[in-house]
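>
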Amino acid sequence: MTIEEAARRLRTREVSAVELALESLRMIREQQPRLNAFITITEEVALEQARRADDDFARGSDRGPLQGVPYALKDLFDTSGIRTTGGTKIFADRVPDRDCAVYERLQAAGAVLMGKTGMHELAYGITSNNPHFGAVRNPRDPARIPGGSSGGSGAAVAAGIVCFAMGSDTGGSIRIPAAYCGCVGLKPTFGRVSRFGTLPLGGSLDHMGPMTQTARDGALVMEAIAGYDPRDDSSSHRPVDGFVKSGFSMTGLRIGVPENFYNERIAPEVAAAFADALRRAESAGARLIPVPVPDPAALNVAGRVILLAEVSALMAPYAGRRGDFGADVLALLDQGRLLAATDYINAQRFRRRAQRQWADMWQSVDVIFTPTAPILAPLIGRSDVEWGGEGGIVEAEDVRLATTRLVRAINVLGIPAVSIPLHCNQLPAGLQIIGRPFDDGLVLAVGESMA
Amino acid sequence: MTDWKALAAARCPDVPPDAVACLVPALEALETSFRPLAEQLTSDDESAVVFSDVFGANVSGRAE
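For the record, the sequence lines run as chains E and R.
Following the numbering used here, the numbering of the first sequence begins with 1 at its first residue and continues without gaps.
Following the numbering used here, the numbering of the second sequence begins with 1 at its first residue and continues without gaps.
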């Protein structure tokens with residue numbers, strides 16, 4: 001059920017918030033053995049918040065479209081009195097004594113928290129194959145990864161267990177599970193949604209955003225959670241515009257279609273679905289404008305240097321607990337410890353240069369379309385993707401690098417991007433719609449038009 | 001190229017040598033990709049991380 005539909009049914013008294021919460025709890029219990037989408041189920045909190053929402057409705061108090069709507073938080077959003085693990089053994093028993101800003105705002109909006117979702121350990125990976133809390137599975141095919149790191153949030157939304165979920169995105173961690181599971185995932189502009197009270201990964205790359213069934217639902221969540229927060233040093237003072245764009249038309253929209261990089265090494269099913277999306281956009285009145293995109297491969301490299309260094313610096317106090325990390329995360333932490341400070345600074349210098357180059361490109365286009373991931377959801381345990389090269393030579397690409405190849409640069413730039421589902425045979429793919437800084441509402445409106 | 005094994009022995013002695021050996025291919029690949037980018041930079045290229053927010057100005061990494 002979408003947020004819009006739940007909101008309508010709650011207001012026509014077809015259903016109560018408690019009934020919605022009970023149905024969500026039933027689905028969580030039914031799907032948990034199959035998907036393992038949750039680390040913690042917050043039944044008591046959910047029923048209490050649902051009762052409060054119903055009381056408010058009964059008194060004629062309406063806090064907006066999220067009131068009484070079931071949702072979930074990735075298990076790195078601090079929730080007072082509720083365990084928040086970050087998907088790691090290091091914090092397995094950690095119970096915060098404060099709420100993160102997003103949870104504060106969602107409580108104020110009257111939304112109903114059903115639980116904390118599973119994730120890749122520390123949000124540092126894309127499989128959500130978690131050695132401490134078990135593998136999260138893809139609702140479209142449980143033999144496959146849901147993507148990550150916000151895999152539990154993507155799985156819970158795509159399975160219809162909750163109306164929306166919150167994720168975090170440091171190198172694609174909202175958009176990738178959205179693409180692999182078949183839901184909508186927005187990485188907002190850097191500074192648009194407060195990160196106060198969330199477990200950081202890469203401080204200059206982390207973004208918090210909604211995962212929903214429709215782009216319009218994403219806009220409704222953004223209306224509730226976006227805005228300045230003095231407790232987050234990266235929070236933007238820029239006033240929040242409306243994210244819901246009623247009456248939006250694609251007519252005349254200038255869509256940049258990359259001539260380079262984003263059309264290389266794409267699985268045939270993804271390429272076909274992407275081409276179909278371009279045709280639909282053109283039919284709806286948009287203009288397709290081929291654009292050379294300033295070196296996303298270089299941005300990816302700079303982004304990896306920045307991330308490796310930032311995470312290892314952050315996790316330095318736990319370096320002595322080597323046995324408590326999963327093998328993949330430990331290897332990345334070790335790599336980060338070996339990088340030179342000069343490499344980190346130079347990566348940040350390269351980042352500034354790239355931001356200027358991309359700013360020039362926005363003069364000729366309004367949004368850019370790319371596939372979100374070049375492949376469909378891989379089977380759990382698969383480590384490489386094989387690409388046919390020239391002369392029949394087969395090239396192997398690490399699944400993590402392939403999966404993040406088309407999304408990581410957008411974190412380095414800090415600009416908004418949404419992934420919306422593209423359907424190809426049995427599994428979904430994703431269409432990534434990238435926008436100018438603070439054009440979060442536009443990318444969502446375009447996403448809604450493309451649904 | 002960086003001697004990663006020697007570097008790890010000096011800077012991170014808690015990382016076992018066999019673990020370092022597993023990291024070397026990834027580190028070498030990253031170094032090979034990153035060096036040419038760093039060489040493009042000039043003295044005009046400032047870091048995306050600047051520390052001006054406390055003075056009320058724009059802040060690092062923010063896309064404003």
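Every residue, glycine too, gets a C-beta built ideally from N, C-alpha and C.
Counting pairs of beta carbons, one from the stretch 366-377 of chain E and one from the stretch 222-230 of chain E, are three or more of them closer than 8 Å?
Short answer: they don't touch.
> Verify the CB distance criterion: does R304 of chain E have a CB-CB separation below 8 Å to chain R?
With 8 Å as the cut-off, R304 of chain E counts as an interface residue toward chain R.
> Just to check my reading of the structure: T214 of chain E and T12 of chain E have Cβ atoms closer than 8 Å, yes? What is that Cβ distance to the nearest angstrom?
Not quite, the Cβ-Cβ distance comes to about 20 Å (not below 8 Å), so this is no contact.
> How would you list, in chain order, the residues of chain E whose beta-carbon sits under 9 Å from the beta-carbon of A21 of chain R?
Under the 9 Å cutoff, chain E gives no residues; its nearest Cβ is about 11 Å from A21 of chain R.
> Would you mind telling me which residues of chain E sit closer than 7 Å to D18 of chain R, beta carbon to beta carbon, in chain order?
Those do not exist, as D18 of chain R stays about 12 Å from chain E at its closest Cβ, beyond 7 Å.
> For a contact defined as C-beta to C-beta under 8 Å, what are the partners of D14 of chain R on chain E?
Correct list: A319, G320 and R322.
> Return no unless some Cβ of chain E is closer than 8 Å to the Cβ of D45 of chain R.
D45 of chain R counts as touching chain E.
> Got a sec: is the Cβ-Cβ distance from G61 of chain R to anything in chain E below 8 Å?
Note that G61 of chain R scores 43 on pLDDT, short of 50, meaning its location in the model is unreliable; the coordinates nonetheless yield the value given after this. Chain E, which has a Cβ nearer than 8 Å to the Cβ of G61 of chain R, makes this yes.
> Just the chain B side, please: which residues come within less than 9 Å of A8 of chain R by C-beta, in chain order?
Within the model displayed, chain B is absent; protein chains E and R are what it includes.
> Nearest to A302 of chain E by CA position, among E:Y262, E:A313, E:R353 and E:E282, is which residue?
Per the Cα distances, E:R353.
> Identify, in the order they occur along the chain, each residue of the same chain with its Cβ nearer than 7 Å to the Cβ of R94 of chain E, setting aside the five sequence neighbours on each side.
Correct list, in chain order: R83, T84 and T85.
> Go ahead and pull the three-state DSSP assignment for Q493 of chain E.
In the structure as shown, chain E begins at 1 and stops at 451. Residue 493 of chain E is therefore absent and cannot be evaluated.
> Considering only DSSP beta bridges, list what I433 of chain E is partnered with.
Bridge partners of I433 of chain E: E:F369 and E:V418.
> Evaluate A316 of chain E with the Cβ neighbour count: other Cβ atoms within 10 Å of its Cβ, from every protein chain shown; 16 or more gives buried, anything less gives exposed.
By the neighbour-count rule (16 or more Cβ atoms within 10 Å), A316 of chain E is not buried but exposed.
> At least one CB of chain R closer than 8 Å to the CB of A341 of chain E: is that the case?
Output row for A341 of chain E: interface = no.
> Exposed or buried, which one is G61 of chain R when buried takes at least 16 other CB atoms within 10 Å?
Annotation note: pLDDT 43 at G61 of chain R (below 50); position unreliable, no value reported.
> If you run the structure through DSSP and keep just helix, strand and coil, what is V49 of chain R?
Residue state, collapsed to three classes: coil.
> With 8 Å as the threshold, decide whether the Cβ of R26 of chain E is near any Cβ in chain R.
No, its Cβ sits nowhere closer than 8 Å to a Cβ of chain R.
> I need the DSSP call for M1 of chain E, collapsed to helix, strand or coil.
M1 of chain E: coil per DSSP, three-state reduction.
> Taking just the CA atoms, how far does P200 of chain E sit from Y318 of chain E?
Rounded to whole angstroms, Y318 of chain E to P200 of chain E spans 14 Å at the Cα level.
> Compute the Euclidean distance between the alpha carbons of D384 of chain E and H237 of chain E, then round it to the nearest angstrom.
Going from the Cα of D384 of chain E to the Cα of H237 of chain E covers about 43 Å.
> What would DSSP say about A451 of chain E, mapped onto helix, strand or coil?
Residue state, collapsed to three classes: coil.
> Please report the distance separating the alpha-carbon of S449 of chain E from that of G64 of chain E.
Computed Cα separation, rounded: 23 Å.
> By the 7 Å beta-carbon criterion, what residues does the stretch 150-180 of chain E contribute toward chain R?
Those would be none; no residue qualifies.
> Please report how far the alpha carbon of Q335 of chain E lies from the alpha carbon of G285 of chain E, in whole angstroms.
If I take the Cα positions, the gap works out to 48 Å.
> What do you reckon, are the CB atoms on G447 of chain E and V418 of chain E nearer than 8 Å?
In this structure, V418 of chain E lies closer than 8 Å to G447 of chain E by Cβ.
> Does the Cβ of E259 of chain E have 16 or more other Cβ atoms within 10 Å, making it buried, or fewer, making it exposed?
Answer is exposed; the Cβ neighbour count stays below 16.
> Check for me: the beta strand (DSSP E) holding E14 of chain E runs from which residue to which?
It is not in any beta strand (DSSP E) - E14 of chain E carries neither H nor E in the DSSP assignment.
> Check the Cβ of A331 of chain E against every Cβ in chain R and list those closer than 8 Å, keeping chain order.
The contacting residues are A19, C22, L23 and A26.
> I'd like to confirm the pairing. Which residues does DSSP put opposite M208 of chain E in its beta bridges?
Paired residue(s): E:S168.
> Going by C-alpha to C-alpha distance, which of E:A165, E:S246, E:D324 and E:I41 sits closest to F91 of chain E?
Here the closest residue by C-alpha is E:D324.
> Does the beta carbon of F350 of chain E sit closer than 8 Å to a beta carbon anywhere in chain R?
Chain R contact via Cβ: present.
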